[in-house]
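Here the structure comes first, spelled out in structure tokens, and everything after it is commentary.
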Amino acid sequence: MLAKRIVRAPNHDGLPPMFRNPQFLATADAGYSHQWRTRVGPPEAELSVAVLPAARYRLDYNIKETKSPDGQEGLDFSMSTEFKQENGQPYPRIEPVKGTLLLLHGFLMSKEAMAGWAFYFAREGYQVVLVDLRGHGRSTGKWIGYGAWEATDLVRVIDDVQARGLLVGQLGVFGQSYGAAIAIRLAALDPRVATVVAMAPFDDARSVVPEFAREFDPKIAGRLSDATYQGALQRAAKLAGFDWAKLDVVDAMRRVQVPVLLFHGQADTWVRPVRSERLLAAAPKGSRREVTPQDNHLSLMVRLDLVGPPSLAWFDEKLATKPKVPGSAPTAATRPTAATSADH
């Protein structure tokens, strides 16, 4: 049972509860300029892909750090967005487009979980591509591979983006957690990726599964022994058909030829900060890591205020050189980069 749960597609029981509202999905679908499904594999799957064009959308968000009477730190977050103006007309498009960003969601999530970030970057002049990773959201796939197949899947997605004439300028990848680790693997595989921003990535899939599970579900998963997890992990890999030994993200990082910006919350217990430290040690020259002292795994994912500006500055700089992608459009001028906390 545990082995099957480790690799079974998270959308086996449908979309994440927060994204099951038909009206929400219809609104999102109406706002995308393009949508399609990309066939990938083996193992075979179809990925749901959407494009949010660069435009002056409305994006309002409020982020407030809180502290309870007993000293527990927290975060209040609210956000509202609009694809269209009050008169029903689309927001004005931004020209020229700075480049293209591929956004990759986290484990158990879907591309709609990246809506805030999609609006954030699109209103700053980037064409944004969103994808439901295999077994997530509205994509298919019986099993997930923690990177065993996902990076290759995304090469096919980028092929489709380029074939449709939607790869504008250079390509950057922005990933969260599970999606961040896959972003690094993608950069090691596809030379079209010019840079990566990775939020709370793991360094090794096999060892992070029990760590994540115990913190995510302490009442049940937290009580299981190391031996139970190791046995389940072996059976899970056999069931899905991949090898955990080939999913070392540090090894993938050593093959990356472009700079990577890493973010981690110091209070993250689901994917501990030491994991991105190891990744930075293997990252190419010019890479950097920033830590937000008060954030845990979930709160970091909504820090448009702390992660947004340095990520935007990073993309503006790294994607502003002459594009290497055949047929892509030129990009815009750079912005100054944010201060670093750790460089490599």
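With the first letter of the sequence shown counted as 1, position 84 gets the number 83 in numbering that gives the first Met the number 0; the numbers rise by one all the way through. C-beta atoms are modelled at their ideal positions from N, C-alpha and C, and glycine is treated no differently.
If you draw a straight line from the Cα of residue 54 to the Cα of residue 221, it comes to about 45 Å.
Membership of residue 35 in the beta strand (DSSP E) is indicated by the continuous run 33-39. Between the region 68-80 and the region 109-119 there are three or more inter-stretch CB-CB distances shorter than 8 Å, so the stretches are counted as touching. Per DSSP, the continuous beta strand (DSSP E) segment holding residue 263 begins and ends at 259-264. Bounds of the alpha helix (DSSP H) holding residue 118 are 114-121.
Under the three-state reduction of DSSP output, residue 62 falls in the strand class. Within the same chain, 65 come within 6 Å of residue 73 by CB-CB distance, once the 5 residues on both sides are set aside. Looking at the DSSP output, residue 126 shares a beta bridge with 99. The beta carbon of residue 138 sits closer than 7 Å to those of 44, 45, 46, 47, 131 and 132, all from its chain and outside the five residues before and after it, given in chain order. Per DSSP, residue 0 has no beta-bridge partner at all. Looking from the CA of residue 12, the closest CA among 298, 136 and 49 belongs to 136. Per DSSP, the continuous alpha helix (DSSP H) segment holding residue 298 begins and ends at 296-299.
The criterion of a C-beta distance shorter than 8 Å is not satisfied by residue 300 and residue 281.
If you draw a straight line from the Cα of residue 173 to the Cα of residue 183, it comes to about 10 Å. In this structure, the beta-carbon distance from residue 294 to residue 248 does not fall below 8 Å. In the three-state reduction of the DSSP assignment, residue 109 falls in the coil class. If only complete runs of 4 or more residues are kept, the region 230-283 shows the alpha helix (DSSP H) at 248-254 and 273-281, in order along the chain.
When rounded, the separation of the alpha-carbon atoms in residue 245 and residue 254 is 14 Å. Spatial neighbours of residue 6 in its own chain (CB-CB distance under 7 Å, excluding positions within 5 residues in sequence) are listed in chain order as 142, 143, 235, 238 and 239. Per DSSP, the continuous beta strand (DSSP E) segment holding residue 49 begins and ends at 44-51. Setting aside the 5 residues that flank it on each side, residue 314 is surrounded in the same chain by 171, each with a C-beta closer than 6 Å to its C-beta; the list follows chain order. By the Cβ criterion, the region 302-313 is not in contact with the region 159-169, since fewer than three pairs of Cβ atoms, one from each stretch, lie closer than 8 Å.
Under the three-state reduction of DSSP, residue 173 is assigned to strand. Here residue 199 is near residue 267, since their CB atoms are less than 8 Å apart.
Residue 274 counts as buried, since no fewer than 16 other beta carbons sit within 10 angstroms of its beta carbon. Contact between residue 51 and residue 112 does not hold, since the beta-carbon distance rounds to 14 Å and is not under 8 Å.
Spanning the alpha carbons of residue 277 and residue 290 requires a straight line of approximately 14 Å. Shown here, residue 92 sits in a strand according to DSSP, grouped into three states. Going by C-alpha positions, residue 57 is about 39 Å away from residue 4. DSSP places residue 151 in the helix class (H, G or I) of the three-state scheme.
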